[in-house]
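*Asks:* Got a structure for you, written out below as structure tokens; questions coming shortly.
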Amino acid sequence: MTEDQEAELEEQADDAATDEEDATEDAAGLQEGDFVEIEYTAYTADGDQLVDTTDPEVAEEEGVDDQGQEFKPRTIVLGEGHIFEDVEDAVVGSEAGDSGTVTIDAVDAFGEYDPDDVQTVSAEKIDEDDRYPGANVTVDGQQGYISTIIGGRARVDFNHPLAGEDVEYEYTIVDAVDDREQQAAGLFEMYLGFEPDLWIETDEVEEEVPVEPDEDEEEDAEPEFETETVEKETLYLEATPQMTMNQQWMMGKQQIGQDVIDKVGVDRVIVQEVIDGMGGMGMGGMMGGMGGMGGGDIEEALEDADVDADEIVEELEGAEE
Numbered sequence: 478m479t480e481d482q483e484a485e486l487e488e489q490a491d492d493a494a495t496d497e498e499d500a501t502e503d504a505a506g507l508q509e510g511d512f513v514e515i516e517y518t519a520y521t522a523d524g525d526q527l528v529d530t531t532d533p534e535v536a537e538e539e540g541v542d543d544q545g546q547e548f549k550p551r552t553i554v555l556g557e558g559h560i561f562e563d564v565e566d567a568v569v570g571s572e573a574g575d576s577g578t579v580t581i582d583a584v585d586a587f588g589e590y591d592p593d594d595v596q597t598v599s600a601e602k603i604d605e606d607d608r609y610p611g612a613n614v615t616v617d618g619q620q621g622y623i624s625t626i627i628g629g630r631a632r633v634d635f636n637h638p639l640a641g642e643d644v645e646y647e648y649t650i651v652d653a654v655d656d657r658e659q660q661a662a663g664l665f666e667m668y669l670g671f672e673p674d675l676w677i678e679t680d681e682v683e684e685e686v687p688v689e690p691d692e693d694e695e696e697d698a699e700p701e702f703e704t705e706t707v708e709k710e711t712l713y714l715e716a717t718p719q720m721t722m723n724q725q726w727m728m729g730k731q732q733i734g735q736d737v738i739d740k741v742g743v744d745r746v747i748v749q750e751v752i753d754g755m756g757g758m759g760m761g762g763m764m765g766g767m768g769g770m771g772g773g774d775i776e777e778a779l780e781d782a783d784v785d786a787d788e789i790v791e792e793l794e795g796a797e798e
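What follows is the structure, given as structure tokens:
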């Protein structure tokens with residue numbers, strides 16, 4: 478190898494090292510796939526209408542604090558579409574404590590307003606209780622709201638209520654979220670609207686695993702299995718009535734659980750139903766709640782009811798005859 482060739486190789490190595498350093502610098506800060514706790518408030522660009530907020534004071538000022546929603550910083554995953562893409566682009570590369578304002582064009586927010594999405598339909602397709610201007614309705618599987626209704630015809634606007642509006646989005650990055658239980662809680666809150674009680678444990682689990690076949694074994698032979706004890710990281714979740722009756726959970730528990738497994742990195746999710754004791758208050762049996770009583774209890778109950786036990790026995794024997 479000549480001196481010129483050696484010099485050229487050294488130069489290429491230096492260039493590669495420089496590119497790697499630049500890439501490392503470019504990747505500094507929060508990246509796609511990171512869990513982030515974020516505060517934000519979004520209004521339409523003209524400032525007239527609140528779009529969303531995590532601030533309880535803003536919610537109170539706008540009169541939306543009584544909707545059963547908890548207003549506090551939210552945990553999201555960057556790159557998963559949990560917030561507007563323009564906001565995600567601004568957050569990537571940032572650090573905890575950074576803040577900013579992003580204006581989102583209507584087409585990237587809730588879409589442009591389309592006059593063709595305003596249709597006249599028969600009022601018979603709408604529930605009687607919803608036949609008034611401004612009512613949110615579902616017609617033929619589409620959601621919209623009634624703009625006018627006259628006689629048996631209704632004008633229904635199927636555009637998003639904020640279609641055509643630019644959105645101004647103010648945000649502050651509270652922190653990166655590394656705790657996996659907090660990550661899981663944030664995902665469940667995003668799907669269900671509340672944080673369930675949950676915890677992560679490592680369990681020893683017995684499972685059937687296939688046995689490697691011998692080299693001289695026939696290819697079409699039945700596979701053999703053996704029981705093996707393995708460790709599995711398990712996310713436990715308490716199934717409260719609030720959760721079991723949640724429509725999002727009832728319709729998509731498998732997808733939600735799989736998403737949590739993939740993003741949090743646990744092996745499985747177990748939903749536990751807890752039935753608390755009744756403090757000694759047993760359930761009443763048959764015969765007015767006397768089921769399960771001992772013989773003495775029955776006699777006392779009959780005496781309290783002024784009933785002669787011997788007379789009852791005689792009547793029963795007479796009926797058998």
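So the sequence shown is residues 478 to 798, counted in the numbering used here. Using N, Cα and C, we set each Cβ at its ideal position, and we do this for glycine too. Owing to the predicted nature of the structure, the values given are computational and were not obtained by experimental measurement.
Please go through the same chain and pick out, in chain order, the residues whose beta-carbon is closer than 7 Å to the beta-carbon of Glu488, but skip the five residues on each side of it.
*Replies:* So the list is empty, once near-sequence residues are dropped.
*Asks:* On the DSSP letters alone, give me the boundaries of the alpha helix (DSSP H) that Arg657 sits inside.
*Replies:* 657-669 is the extent of the alpha helix (DSSP H) around Arg657.
*Asks:* For Asp719, which beta-bridge partners are listed by DSSP?
*Replies:* At residue 719 the sequence reads Gln, which differs from the Asp that was named. In DSSP, Gln719 forms no bridge with anything.
*Asks:* Which value, in whole angstroms, describes the spacing of the CA atoms of Ile603 and Ala586?
*Replies:* Ile603 and Ala586: Cα-Cα distance of roughly 29 Å.
*Asks:* Tell me, to the nearest whole angstrom, how far the beta carbon of Asn636 is from that of Asp607; I am working on the premise that it is less than 8 Å.
*Replies:* Actually they are not in contact, since the Cβ atoms of Asn636 and Asp607 sit about 18 Å apart, beyond 8 Å.
*Asks:* Would you mind giving the Cβ-Cβ distance between Asp652 and Ala573, rounded to the nearest angstrom? I have them listed as a contact below 8 Å.
*Replies:* About 5 Å separates the two Cβ atoms, so the contact holds.
*Asks:* Among Glu534, Ile747, Gln660, Ala631, which residue has its Cα nearest to the Cα of Ala716?
*Replies:* Comparing Cα-Cα distances from Ala716 to each of Glu534, Ile747, Gln660, Ala631, the minimum goes to Ile747.
*Asks:* Does the beta-carbon distance from Val579 to Asp563 come in below 8 Å?
*Replies:* A contact, by the Cβ cut-off of 8 Å.
*Asks:* Could you check the C-alpha separation between Asp491 and Glu485 for me, to the nearest Å?
*Replies:* So the alpha carbons of these two residues sit roughly 10 Å apart.
*Asks:* Is the segment 716-729 touching the segment 680-687, taking contact as three or more C-beta pairs under 8 Å?
*Replies:* Touching, no.
*Asks:* My output table needs one value for Leu639: the three-state DSSP class, helix, strand or coil.
*Replies:* It is coil, neither helix nor strand.
*Asks:* Tell me, which residues are paired with Ser576 by DSSP?
*Replies:* Answer is Thr649.
*Asks:* Identify whether Leu714 lies in helix, strand or coil by the three-state DSSP scheme.
*Replies:* Here Leu714 sits in strand by DSSP.
*Asks:* Compare the C-alpha of Ile677 against each of Asp617, Val743, Leu639, Gly510 and name the closest.
*Replies:* Comparing Cα-Cα distances from Ile677 to each of Asp617, Val743, Leu639, Gly510, the minimum goes to Val743.
*Asks:* Excluding the five sequence neighbours on either side, which residues of its own chain have a C-beta within less than 8 Å of the C-beta of Ala505, listed in chain order?
*Replies:* Excluding residues within five positions, the ones whose Cβ falls inside 8 Å are Gly570.
*Asks:* Considering only the alpha carbon of each residue, which of Ile553, Ile560, Asp529 lies closest to Gln546?
*Replies:* When only C-alpha atoms are compared, the closest one is Asp529.
*Asks:* My parser needs the alpha helix (DSSP H) runs of 4 or more residues fully inside the segment 505-538; what are they?
*Replies:* Correct list: 533-538.
*Asks:* So Leu664 packs on Val737, CB below 8 Å; how close in whole Å?
*Replies:* Contact holds; Cβ gap of about 5 Å.
*Asks:* What's the C-alpha gap between Ala600 and Asp634?
*Replies:* Going from the Cα of Ala600 to the Cα of Asp634 covers about 14 Å.
*Asks:* Between Val584 and Val598, is the Cβ-Cβ spacing less than 8 Å?
*Replies:* Taking 8 Å as the Cβ cut-off, Val584 and Val598 do not qualify as a contacting pair.
*Asks:* Are the beta-carbon atoms belonging to Val686 and Glu705 less than 8 Å from one another?
*Replies:* Contact: yes.
*Asks:* Does DSSP put Gln749 in a helix, a strand or coil?
*Replies:* Gln749: strand per DSSP, three-state reduction.
*Asks:* Relative to the alpha-carbon of Pro592, which residue among Met720, Ile560, Arg632, Val614 has its alpha-carbon at the smallest distance?
*Replies:* Taking only the C-alpha atoms, the option nearest Pro592 is Arg632.
*Asks:* Straight-line CA distance for Phe512 to Glu537?
*Replies:* Cα to Cα, the separation comes out at about 28 Å.
*Asks:* Cα separation between Ala661 and Val688?
*Replies:* About 35 Å.
*Asks:* Can you find a heavy atom of the ligand FMN that lies under 7 Å from the Cβ of Gln544?
*Replies:* In terms of ligand content, the structure shown is empty, and the ligand FMN therefore cannot be addressed.
*Asks:* Leaving out the 5 sequence neighbours to the left and right, which residues in its chain are closer than 6 Å to Glu642 when beta-carbon positions are compared?
*Replies:* Excluding sequence neighbours, Glu642 sits near Thr521, Ala583.
*Asks:* For Lys602, does the three-state DSSP call read helix, strand or coil?
*Replies:* Of the three classes helix, strand and coil, the one that applies to Lys602 here is helix, per DSSP.
*Asks:* Candidates Leu507, Tyr609, Glu703: which alpha carbon is nearest Asp566's?
*Replies:* Asp566 has its Cα closest to that of Leu507, out of Leu507, Tyr609, Glu703.
*Asks:* Span of the beta strand (DSSP E) holding Gly621?
*Replies:* That run of the beta strand (DSSP E) goes 619-627.
*Asks:* Anyone know if the C-beta pair for Val554 and Gly510 falls short of 8 Å?
*Replies:* Cβ atoms of Val554 and Gly510: closer than 8 Å.
*Asks:* Tyr648: buried (16+ other C-beta within 10 angstroms of its C-beta) or exposed?
*Replies:* When all chains shown are included, Tyr648 counts as buried.
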